[in-house]
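Engineer:
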Amino acid sequence: MDGRTVVAQRRGPLARIGRFLAEPFKDAWHHRDLLLAILQRELAERFKGSVAGWVWAVTAPLLSLIVYTVAFSGAVRLPSGEVSGSNFDYALFIFGGLIAFNFFSEMAYRAPSLLHEYAHFIKQTMFPAEMLPIISTLRATAYASIGLVLMLVAQLVLTGTLHWTVLLLPIWYIPFIAFLIGMTWTLSAMGAFTRDTAYLMMTVAPLLMFATPVFYSTDQMSETLKLVFYINILTGFIEVLRDIVVFGQLPNPLVCAWVLFLSVATFYFGFWFFGKQRDGIADVI
Amino acid sequence: MSSEKDVVIRARHLAKAYRIYGNQQQRLKQVLFGSWHTYYRSFWALKDISFEVRRGEALGILGRNGCGKSTLLQIACGMIRPTKGEIMVNGRIAPVLALGGTFDAESTGRQNVLIGGAVLGLKRHEILEKMDSIADFAGIGDFMGQPVKFYSSGMRVRLAFAICAHIDPEILVVDEALAVGDAVFQRKCMDWIDNFRRRGTLLFVSHATSEVARLCNNAIWIDDGRIREAGTPANVIRAYRRATLIEQDNMRRFSAM
Chain A
1 MDGRTVVAQR RGPLARIGRF LAEPFKDAWH HRDLLLAILQ RELAERFKGS VAGWVWAVTA
61 PLLSLIVYTV AFSGAVRLPS GEVSGSNFDY ALFIFGGLIA FNFFSEMAYR APSLLHEYAH
121 FIKQTMFPAE MLPIISTLRA TAYASIGLVL MLVAQLVLTG TLHWTVLLLP IWYIPFIAFL
181 IGMTWTLSAM GAFTRDTAYL MMTVAPLLMF ATPVFYSTDQ MSETLKLVFY INILTGFIEV
241 LRDIVVFGQL PNPLVCAWVL FLSVATFYFG FWFFGKQRDG IADVI
Chain B
1 MSSEKDVVIR ARHLAKAYRI YGNQQQRLKQ VLFGSWHTYY RSFWALKDIS FEVRRGEALG
61 ILGRNGCGKS TLLQIACGMI RPTKGEIMVN GRIAPVLALG GTFDAESTGR QNVLIGGAVL
121 GLKRHEILEK MDSIADFAGI GDFMGQPVKF YSSGMRVRLA FAICAHIDPE ILVVDEALAV
181 GDAVFQRKCM DWIDNFRRRG TLLFVSHATS EVARLCNNAI WIDDGRIREA GTPANVIRAY
241 RRATLIEQDN MRRFSAM
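Sequences listed follow chains A and B, in order.
Counting from 1, position 213 in the first sequence corresponds to residue 213 in UniProt numbering; the numbering is continuous, with no gaps.
Counting from 1, position 233 in the second sequence corresponds to residue 233 in UniProt numbering; the numbering is continuous, with no gaps.
1) Does the beta-carbon distance from B:S210 to B:V148 come in below 8 Å?
2) Got a sec: is the Cβ-Cβ distance from B:R92 to anything in chain A below 8 Å?
3) I want to see whether chain B comes within less than 8 Å of A:H116, judged by CB atoms only; does it?
4) Hey, does B:R41 have any beta-carbon neighbour from chain A nearer than 8 Å?
5) Let's test the definition: count the other Cβ atoms within 10 Å of the Cβ of A:D2 and tell me whether it reaches 16, buried, or not, exposed.
6) Does the Cβ of B:K5 have 16 or more other Cβ atoms within 10 Å, making it buried, or fewer, making it exposed?
7) Taking just the CA atoms, how far does A:L187 sit from B:D249?
8) Under 8 Å by Cβ, that's how I've got B:W44 and B:A76 pegged, so tell me the actual separation to the nearest angstrom.
9) Taking the alpha-carbon positions, what's the A:E82 to A:V157 distance?
10) Between which residues of its own chain and B:A162 is the CB-CB distance below 6 Å, once the five residues before and five after are set aside?
11) Mind checking if A:T203 is an interface residue toward chain B, Cβ cutoff 8 Å exclusive?
12) Please report how far the alpha carbon of A:A111 lies from the alpha carbon of A:T235, in whole angstroms.
13) Classify B:T38 as buried or exposed, calling it buried when 16 or more other Cβ atoms lie within 10 Å of its own Cβ.
14) Could you check where the alpha helix (DSSP H) with B:M88 kicks off and where it finishes?
15) Going by Cα to Cα distance, which pick from A:D279, A:Y268, A:K276 is closest to A:I134?
16) What in chain B is Cβ-close to A:L36, meaning under 9 Å?
17) Use the C-beta contact count for B:E247: other C-beta atoms within 10 angstroms, 16 or more gives buried, fewer gives exposed.
18) Closer than 8 Å is the cut-off here; do at least three beta carbon pairs connect the segment 85–103 of chain A with the segment 114–124 of chain A?
19) For chain A, is any of its Cβ atoms less than 8 Å away from the one on B:M155?
20) What are the residues of the segment 199–214 of chain B that lie near chain D, defined by any Cβ-Cβ distance shorter than 8 Å?
21) Along chain B, in chain order, which residues have C-beta atoms closer than 8 Å to that of A:H163?
22) Please name the residues in the segment 174–198 of chain A whose beta-carbon is closer than 7 Å to at least one beta-carbon of chain B, in chain order.
23) For the 8 Å Cβ check, are there 3 or more pairs between the segment 58–69 of chain A and the segment 138–158 of chain A?
24) Could you have a look at B:V113 and say whether DSSP puts it in helix, strand or coil?
25) Mark B:K130 as exposed unless 16 or more other C-beta atoms lie within 10 angstroms of its C-beta, in which case mark it buried.
26) May I ask you to list, following chain order, the residues of the segment 2–35 of chain B that have a beta carbon less than 8 Å from some beta carbon of chain A?
27) Distance, Cα to Cα, B:K47 vs B:S70?
28) Quick check on the DSSP output: what are the complete alpha helix (DSSP H) runs of length 4 or more inside the segment 186–273 of chain A, in order along the chain?
29) Does B:L202 come out as helix, strand or coil in the three-state DSSP assignment?
30) Would you kindly report the start and end of the unbroken alpha helix (DSSP H) that includes A:Y143?
31) Enumerate in chain order the residues of its own chain whose CB-to-CB distance from A:Y68 is below 7 Å, with the five nearest sequence positions on each side excluded.
32) Any Cβ of chain A within less than 8 Å of the Cβ of B:Q146?
33) Give every residue of the same chain whose Cβ lies closer than 8 Å to the Cβ of B:F143, excluding the five residues on either side of it in the sequence, and list them in chain order.
34) Please report the Cβ distance between B:I115 and A:I285, rounded to the nearest whole angstrom; I am assuming they are in contact, meaning their Cβ atoms lie under 8 Å.
35) What residues of chain B sit near A:M126, judged by a beta carbon separation below 7 Å?
36) Among residues of its own chain, excluding the 5 on either side of A:I177, which ones have a beta-carbon nearer than 7 Å to its beta-carbon?
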């Protein structure tokens, strides 16, 4: 125990809460060089062993976008009154849903085994394990951003316009990243103790894909069913993304506030939970 | 008697328990319901360890395999927390522990130096400045750009030691691992450690009692998680040797049967 820890315990409750809220950011700033070094490694590693490398990162979302456009243009109509007349809107509508969902599912699948991947670091060196969820989420962010840029380009090419609301993307990004980091803190700490976490996510995530409005919208649902869907934070993220990119309208402020609340709660719960399990992690990994 | 601020490592009644679970379910239950019920047995790797190391001292640590040496070093380096007691470490500490085992096999030597240096608390530009010198000390040359999985075990050890030698540590923790390198490299490391002894503090673990006697001015012998003997290296080594001889004697008796 160092001097700083002892001093912190003698502070009043308000100061302690403030310190807790600031801690993840201070921690990340303190380890910024390490964060950068490992992030670089992570980004380089993503397509390691393949000749084309990051070309794959662009090809995969590009192909799916083309397939949706061909499959859905003309054949299917938007299930809501929000149709702006373009045939391509439904393709973009689904693509937006998938970007958000894949962003989530990449972390959901990876988080339980994340600490095992880095076991050699955690065991042998003075490694700040709490940085790993941040780093891996940042890598997923880079990947999701490729999809998002493609989506914006497609929007521009297919419909000829970009909505000004695209400027609101940070209000989608920041809570989503915070939510994923918090989720990864929780899942990776649990995954360190039991491999069951990985199997649990492998079972839940595909089901969640259909329980989340990726391929449909909540607009025609009854009010009660809608409320049930909004418990799932992904519903909010997908709707906000569609509103600001595809439909060019301001997202529902109530949904935004709810999503923000859930994200911040997940972020700090994850940080607290990881910190609580931290000492045990090096022993069991 | 030197003053209080000269103490760089102080351990007080350190104890470390590992949790032993009967099966995986109990481990999960402990995570979920740990506040209400205990699902594990404790294994005490360290039971009661107290010592002090002052600036410029070299402490040799002796003990058989499994006596708790590695656990003690890991606690000193801040990798794991003690279950009881407290440890105070004052200064930049460089662990040359299980050399090379910490490397990431898929990453290149350069990337590993960047990560390793950052873990040990160096700024990015400082590491980049020292990169050539590190490659030179390790004698790895062109292999710096290759993934570590293509390195021989000797190359890994050399790179790991080179990193520790370049982070300008105040406290150096050297584990048995140095035995892996060839004679030339061992000589190089020993020369470096001799040189380091003039300014820094050393924690030295080795089964080569002659090296302990040569390098250290204090020694402890750990047996079954407790300090069995402490004092000058000569005394501790004599007691340790005597105990090992008795055991060898026993072994000979068994094998003769």
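Cβ coordinates follow ideal geometry from the N, Cα and C atoms, glycine included.
Structural biologist: Here's the rundown:
1) no
2) no
3) no
4) no
5) Unreliable placement is indicated for A:D2, whose pLDDT of 40 sits below 50; the coordinate value is still reported in the next sentence. By the 10 Å Cβ count, A:D2 comes out exposed.
6) exposed
7) C-alpha separation (whole angstroms): 53 Å.
8) Contact flag wrong, Cβ pair sits at about 18 Å.
9) Confidence at A:E82 is low in this model, with a pLDDT of 49, below 50, so its placement is unreliable and the value that follows should be read with caution. The alpha-carbon atoms of A:E82 and A:V157 are separated by roughly 20 Å.
10) Hits under 6 Å: I134, F137, A138.
11) Chain B contact via Cβ: absent.
12) Cα to Cα, A:A111 sits roughly 21 Å from A:T235.
13) exposed
14) B:M88 -> not in any alpha helix (DSSP H); beta strand (DSSP E) instead, spanning 84–89.
15) A:Y268
16) L114, A118, R124
17) exposed
18) no
19) no
20) Absent here is chain D; the protein component of the structure consists of chains A and B.
21) Within chain B, no residue comes near A:H163; the closest Cβ sits about 40 Å away, beyond 8 Å.
22) For the segment 174–198 of chain A, residues whose beta-carbon sits nearer than 7 Å to a beta-carbon of chain B comprise M190, F193, T194, D196.
23) yes
24) helix
25) Result: buried.
26) Answer in chain order: Y18, R19, Q24, R27, L28, Q30, V31.
27) 14 Å
28) If only complete runs of 4 or more residues are kept, the segment 186–273 of chain A shows the alpha helix (DSSP H) at 196–211, 223–231, 233–241, in order along the chain.
29) strand
30) 131–159
31) Around A:Y68: A91, I94, F95.
32) no
33) G109, F150, Y151, M155
34) About 18 Å; that fails the 8 Å criterion.
35) C77, G78, M79, V119
36) T137, T141
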